[in-house]
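Enquirer: So in this note's numbering, the last spot in the sequence shown is 633, and the numbers never skip. Backbone N, C-alpha and C fix where the C-beta goes; we use that ideal spot for every residue, glycine too. Take a look at this one; I'll ask things after.
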Amino acid sequence: MKLLALSLLVAFSAQAQQTLEATGRWQHRPVGTALTPPMGWSSWNAFRVDITEQKVLDSAKVIVDSGLAKAGYRSINIDDGWWLKRRSSDGRLLVRTGLFPSADAGAGKDSSLRPFTDRIHAMGLKAGLYTDIGRNACSQAYDADSPNLPEGTHAEREVGLMGFMKQDVALFFGEWNFDYLKVDGCGLSSYGRERPHVASGQYREFKPTIVEGSINQSDIEGTKKLYAGLRQALHEVRPRGDYVLSVCLWGTVNVRSWGQDYGTMWRSSRDIWKGFAQMVHNFDTVATREFYAGPGRWNDPDMLEIGNGDFGDAHLTEARTHLGLWAIVAAPLMIGTDLSKVSPAIIDILKAPEVVAINQDPAGHQGVLAYADSDRQILVKTLADGPEGNRKAVLLFNRTSAPAKFTLTAEHLKMDAAAPIALRDAWKRADAGTFVGKREFELQAREALLFTASGKHALSRGYYVSERPGSVYVARDGIRALEQDPVVYRALASWSATDNGGTRPAYAGWGGPRADSTPYDQALSVQRRAFRHGIGVLADSRLQVQVAPGSQRFMASVGVDDSTRGKHAAVSFEVWGDGRRLASTGPMAFDQPARELGADLRGVALVELVVRQHGADPAGPVVVTWGEARIE
2 MKLLALSLLV AFSAQAQQTL EATGRWQHRP VGTALTPPMG WSSWNAFRVD ITEQKVLDSA
62 KVIVDSGLAK AGYRSINIDD GWWLKRRSSD GRLLVRTGLF PSADAGAGKD SSLRPFTDRI
122 HAMGLKAGLY TDIGRNACSQ AYDADSPNLP EGTHAEREVG LMGFMKQDVA LFFGEWNFDY
182 LKVDGCGLSS YGRERPHVAS GQYREFKPTI VEGSINQSDI EGTKKLYAGL RQALHEVRPR
242 GDYVLSVCLW GTVNVRSWGQ DYGTMWRSSR DIWKGFAQMV HNFDTVATRE FYAGPGRWND
302 PDMLEIGNGD FGDAHLTEAR THLGLWAIVA APLMIGTDLS KVSPAIIDIL KAPEVVAINQ
362 DPAGHQGVLA YADSDRQILV KTLADGPEGN RKAVLLFNRT SAPAKFTLTA EHLKMDAAAP
422 IALRDAWKRA DAGTFVGKRE FELQAREALL FTASGKHALS RGYYVSERPG SVYVARDGIR
482 ALEQDPVVYR ALASWSATDN GGTRPAYAGW GGPRADSTPY DQALSVQRRA FRHGIGVLAD
542 SRLQVQVAPG SQRFMASVGV DDSTRGKHAA VSFEVWGDGR RLASTGPMAF DQPARELGAD
602 LRGVALVELV VRQHGADPAG PVVVTWGEAR IE
C-alpha cells in the first residue's frame, strides 16, 4: 500500500509539474459560437412533455411580433417530448408526428423536423433541440404518466445519444439543420437497478456514473469523455462552429470547472423552479464562478422563470430582480414561459433594452461580488465601452423579505473616491444622479437595483485583473480533493419534502480561484496586510490572462494568504509572458510579508500566473494571494 501511495503521489506531482508549465498560447478552444450569452425561448418550463408544434410556433410568433426577437431572443428550443422512437432497423430517430405534424413526410418516407426548422429560420430565428448523453431521457424517468414518451421495445425507447452519437448529431445538425442542442444527463444518473421504472423491467439498467450529491461516487472522467465525443461529432458536422451546445448536468460531476472546455454553456445547478428561493439557489451556483466564463463560454443557472409563479404579474419586482441577476452574471437568457398567455408588463421586463445590453455586453465579463452577506449582495461588471475601464454595471440585491439598506462605495466600483461617479438606472432608462465616495440606498423586499456607473478609475493607469474575469482562463485550479461548495443557498427543491436529513451542499469545485476573495470566501490578506482587490487561488495553479494592447507592466503583491489551511509548504510565484518567464519569487512561506512582483509586458499578449508548491503540506491546501494584481 505504501508503494502504491508513493507511486500515486509521484504521478500526481508529475501531472502537476506538466500542467503548471506555461504554454504561451490561450488554451480555451470555443465549442460552438456564442460571443455573448445565448438568448431565446425553451418549451420545458412552459409545457414540459405536453408539447406540440403549434405551441412552439405560437411562442415563436410572439417572440417576433412583440419585439423580443429584435431585443435578442432568437433561439426557439424544443425540449423533451418530441421523439416517437428509435427505429430498430437502422437506429434512426423518428418524430412524434401527432405532435409535430409537419414532420410527417408521407407514406414510405422518414419523418423529419426539417420543415419545422425551415419555418423557424424563415422567421429570422434559430432552432434548438434536446437530447440526452445516455441511452434514455429525463422524461422517461420522471414523467412516467405522460402519453408523449418514446414507444416500442427497450431498444426503440432508447432515444439518447449513447451508441448513436455521430448518427444523431449528423441528423440534428445536417439533415434537420438545427442550430442549438441541449444535452441532458439523466441517462447517466436515473436508470440504476433500484429505480422503479428499471426494477419493473420497463427500461434497461444503466449503473449510474453520475450520482447527484456525491462527487466521489461519480465518474468525472467518463462523463467528460462522452461529452468530448459529442464535441468532436459536432465539429465534424459543423466545422465552422455555427452552433450552440448546452451541457445540462445540473452542476454535478464538477461540470462547473470543466464545462468551459466541452460546451458553449453548462448548467451550474439543479432545475430552476418558479419559486424565489429556488431562483436564488440557482443564482448562487454561478455568482462565485466569475473566472470560468467569458466570450464563447457561459455559466448557466438555467432558464428564466419570468412570467411564472413568484415572477408573474403579481410579482413584477421579483421578475425584474430575476432578469437583473441573470444580466449581471452574463447568464444565458432563455425564456421559459407560455408566451401566448403573458402580459405586456412581462414582455416589457424581458426586453428591457438597457438591462439586456448589460447581459449582452461584448466584453463578456461576469459580474464580481464586491460585497456579500447572507442578506445583501453588490455585484460589479466591467463593460466594454468605457475607456480605461471606467464604465461598470452594478447590481444591489436584497435577498430578504424586508426592506434593507445598502451603501455603495467608489471602492466597490474600483473608482476614485474623490471624483464624481454618475449612475444611470438601467430599468428606468434614466440618469440617477452622481455621488462622491459613497451613496446610500434602501431596497424593498426581494428588490435588485441595476445601474451603469461612470467615473474615474481608482488606478491612475491600467486596471485590476479581477475586474476583467472574462479575460482569464483557469488552466489549473490547484484543487487536489474535490469539496462541495457551502456558499450556495440551500433552498428546498420543488420536488422534495423535509422528510430526510436536509438539503446539503451539492456542487463540487469549492476552492476554485476567485476575484477579490480567497477561494474559500475569505478576505485577501498576507501577514495582516489586507487587499480589497486581487486574486485568491490555491498553490499549484496556473491562470492565463489576456492583456489589452499597449499594456506596459504587470504588478502584484504576492504571498501565502493568512487564511490558508496549509501553513508548512513553501510556494513560489512566477509571471510568464507569451511562453517566457518574465519574473519570479524565491520560496515564500506562511506569515511572511507580501513581496512586490512586477514584469515588463511590452509586446506581450498573454500573461500566465503560476504558483508552485514545494513539497506536501499535511495541514491542507495552501491558499495564496495575488494582491492588487493589475495591468498597467
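Kindly provide the ranges of any beta strand (DSSP E) runs that are 3 or more residues long and lie completely inside the segment 53-78, ordered along the chain.
Expert: Counting only runs of 3 or more, we get 76-78.
Enquirer: Starting from the N-terminal side, write out each stretch of the alpha helix (DSSP H) that is 4 residues or longer and does not extend beyond the segment 347-410.
Expert: The segment 347-410 contains these whole alpha helix (DSSP H) runs: 354-360.
Enquirer: Look at the alpha carbon of Gly308 and the alpha carbon of Ser201, and state the distance between them as a whole number of angstroms.
Expert: Cα-Cα distance, rounded: 39 Å.
Enquirer: Pro619: buried (16+ other C-beta within 10 angstroms of its C-beta) or exposed?
Expert: Exposed: under 16 other Cβ atoms inside 10 Å.
Enquirer: Rounding to the nearest angstrom, what Cα-Cα distance links Pro487 and Arg581 in this structure?
Expert: Computed Cα separation, rounded: 38 Å.
Enquirer: List the endpoints of the continuous beta strand (DSSP E) containing Glu597.
Expert: Unbroken beta strand (DSSP E) run through Glu597: Arg596 to Asp601.
Enquirer: Can Gln523 and Gly73 be called in contact, C-beta distance under 8 Å?
Expert: It is not a contact, given that the beta carbons lie outside the stated cut-off.
Enquirer: Return the first residue and the last residue of the alpha helix (DSSP H) that Trp327 is part of.
Expert: Trp327 -> alpha helix (DSSP H) spans Leu317 to Ile329.
Enquirer: Tell me which residue opens and which closes the beta strand (DSSP E) that Trp27 is part of.
Expert: Where Trp27 is concerned, there is no enclosing beta strand (DSSP E), given that its DSSP letter is neither H nor E.
Enquirer: Any idea what DSSP makes of His680, helix, strand or coil?
Expert: The question about residue 680 has no answer, for the chain in this structure spans 2 to 633.
Enquirer: Tell me whether the beta-carbon of Ala128 lies closer than 8 Å to the beta-carbon of Val238.
Expert: Their beta carbons are not under 8 Å apart, which means Ala128 does not touch Val238 by this criterion.
Enquirer: Do Phe292 and Ala516 come within 8 Å of each other at the CB atom, strictly closer than that value?
Expert: The answer is yes: Cβ separation under 8 Å.
Enquirer: Would you mind working out which of Arg613, Trp45, Asn149 and Ala507 sits nearest Tyr131, comparing C-alpha positions?
Expert: The shortest Cα separation from Tyr131 among Arg613, Trp45, Asn149 and Ala507 belongs to Trp45.
Enquirer: Where Ile634 and Arg440 are concerned, what is the direct C-alpha to C-alpha distance, given to the nearest angstrom?
Expert: As shown, the chain starts at 2 and ends at 633. That puts residue 634 outside it, with no answer to give.
Enquirer: Do Gly188 and Arg271 have their CB atoms nearer than 8 Å?
Expert: Contact: no.
Enquirer: Out of Ala234, Thr34 and Pro38, state which residue places its alpha-carbon closest to the alpha-carbon of Asp164.
Expert: The amino acid at residue 164 is misidentified as Asp; the sequence shows Gly. Comparing Cα-Cα distances from Gly164 to each of Ala234, Thr34 and Pro38, the minimum goes to Ala234.
Enquirer: Determine the closest residue to Asp1 out of Val57, Gly92, Val65 and Asn391, with distance taken between C-alpha atoms.
Expert: No information on residue 1 is available, as it lies outside the stretch 2 to 633 that the chain covers here.
Enquirer: In whole angstroms, give me the CA-to-CA distance for Val395 and Ala106.
Expert: The straight-line gap from Cα to Cα measures roughly 52 Å.
Enquirer: Taking C-beta to C-beta, are Val559 and Leu598 nearer than 8 Å?
Expert: For Val559 and Leu598, yes; Cβs fall inside 8 Å.
Enquirer: Look up Asn300 in the DSSP assignment and give the residues it is bridged to.
Expert: Asn300 pairs with Trp267.
Enquirer: Leaving out five residues before and five after Ala385 in sequence, what residues of the same chain have Cβ atoms less than 7 Å from its Cβ?
Expert: Closer than 7 Å at Cβ, skipping near neighbours: Asp362, Pro363 and Ala364.
Enquirer: In angstroms with no decimal places, state the Cα-to-Cα distance between Leu150 and Leu85.
Expert: Rounded to whole angstroms, Leu150 to Leu85 spans 7 Å at the Cα level.
Enquirer: DSSP three-state label for Val199, please.
Expert: Three-state DSSP puts Val199 in a helix.
Enquirer: Label Glu152 either buried or exposed according to how many other C-beta atoms from any shown protein chain fall within 10 Å of its C-beta, with 16 as the threshold for buried.
Expert: With fewer than 16 other Cβ atoms within 10 Å, it is exposed.
Enquirer: Between which residues of its own chain and Ala371 is the CB-CB distance below 6 Å, once the five residues before and five after are set aside?
Expert: For Ala371, where only same-chain residues beyond five positions count, the Cβ hits under 6 Å are Ile379, Val381 and His413.
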